[in-house]
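Engineer:
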Amino acid sequence: MTKPMSRRELNKVRTREAILDAARIGFARDGVQGTTMENIAAAAEVSRATLFNYFTGKGEILDQLVVEMHEHFFARMQRCRAEIADPAERVRVVFVETGRAMEAEADRLRPIVGYSEMGWNETGVMGRLERLTVGFETLLDTGSVATEEEAHDRRVVAEMMSGIFIGMIHNWRLGENYPLEERLGEAAARIGRMFECPAT
C-alpha cells in the first residue's frame with residue numbers, strides 16, 4: 334500500500350507543477366529565449382529563491398518538460414501494445430493519436446520539441462533513438478516466435494519508422510501549417526502494408 338504524502342510533500346509537488354505549468358505557458362507565449370526565470374517565478378507565484386530551489390535554470394526546466402513529453406508518448410505506445418492485437422493498427426493508432434495530441438498542444442509543444450532536437454547532437458542521442466526504435470519494434474510484435482529473418486525485417490521496419498516519425502515531427506515544428514496528424518496517418522498506412530506484405 335502506498336504511503337500517503339505528507340502536507341509538505343504535497344506542497345512540494347504542487348509547487349513543482351506550478352513552476353512547470355508557468356514555464357510551458359511562458360515558452361509558448363514568449364519563446365524560450367524571451368522567457369526569464371523571473372517571469373516563470375512570477376507566473377508560478379513563487380519567489381526567485383524558491384524557483385532556484387527546484388530548478389537551477391531554464392535548461393533544467395526544459396529537460397524535465399522533454400522527459401514528460403517523451404513519457405506521455407511511450408505510455409501511449411504501451412497502451413496500444415496492450416490493447417490492440419493487430420500490429421498495423423497499433424502503428425496507425427500511435428502515429429495518429431500522437432499527431433492529434435501534438436497539434437492540439439502545438440503552442441506549448443513546439444518550443445519543447447525544438448529544445449529536444451538540440452540534444453540530437455549530444456552523446457546520449459543513441460540511447461534515445463534506440464529506445465524509440467525498440468518501442469516501435471514492440472508494436473510490430475505479432476506474439477509468435479520470430480525467425481531470425483523476421484526479427485531482422487522487424488528491426489529494419491522499426492528503424493524506418495523512427496526516421497519517418499522524427500522527420501515528420503521536425504517538419505511540423507518548422508511549418509506552422511504542416512498537417513502532422515494527416516501525414517503520420519498516411520505514413521502509418523504505408524508502414525502497415527509493408528509489415529503485412531514483406532518482400533520475398
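No gaps in the numbering here: position 88 of the sequence shown is 421 in my numbering, and each next residue is one more. All C-beta atoms, glycine included, are put in the ideal place defined by N, C-alpha and C.
1. I need the DSSP call for N372, collapsed to helix, strand or coil.
2. With DSSP as the reference, label Q366 as helix, strand or coil.
3. Quick one, are the C-beta atoms of G390 and N372 less than 9 Å apart?
4. Any chance the stretch 392-412 sits against the stretch 455-472, with 3 or more Cβ pairs inside 8 Å?
5. Give the secondary structure of N510 by DSSP, where H, G and I count as helix, E and B as strand, and everything else as coil.
6. Using a Cβ-Cβ cut-off of 8 Å (strictly less than) and excluding sequence neighbours within five positions of I417, which residues of its own chain qualify?
7. Considering T431, what are the terminal residues of the alpha helix (DSSP H) in which it resides?
8. Less than 7 Å between C-beta atoms, sequence neighbours within five positions excluded: which residues of the same chain meet that for S495?
9. Measure the beta-carbon distance from E514 to E450 and round it to whole angstroms, keeping in mind my assumption that it falls under 8 Å.
10. Straight-line CA distance for I524 to R488?
11. Going straight from the alpha carbon of R341 to that of A356, what length do you get?
12. Give me the Cβ distance between P444 and A361, rounded to the nearest whole Å; I'm assuming they're in contact under 8 Å.
13. For my contact list, A491 and F428 are in at a C-beta cut-off of 8 Å; report their separation, rounded to the angstrom.
14. Could you give the DSSP three-state label for E404: helix, strand or coil?
Structural biologist: With the given structure in hand:
1. helix
2. coil
3. no
4. In short, these stretches touch, since the Cβ pair count reaches three.
5. coil
6. The beta carbon of I417 sits closer than 8 Å to the beta carbons of R423 and V426 from its chain, once the five residues preceding and following it are set aside; these are given in chain order.
7. P420 to A437
8. L462, L465, T466 and F469
9. Between E450 and E514 the Cβ distance is about 20 Å, and since that is not below 8 Å, they are no contact.
10. 13 Å
11. 23 Å
12. 6 Å
13. Wrong, their Cβ atoms sit about 13 Å apart, outside the cutoff.
14. helix
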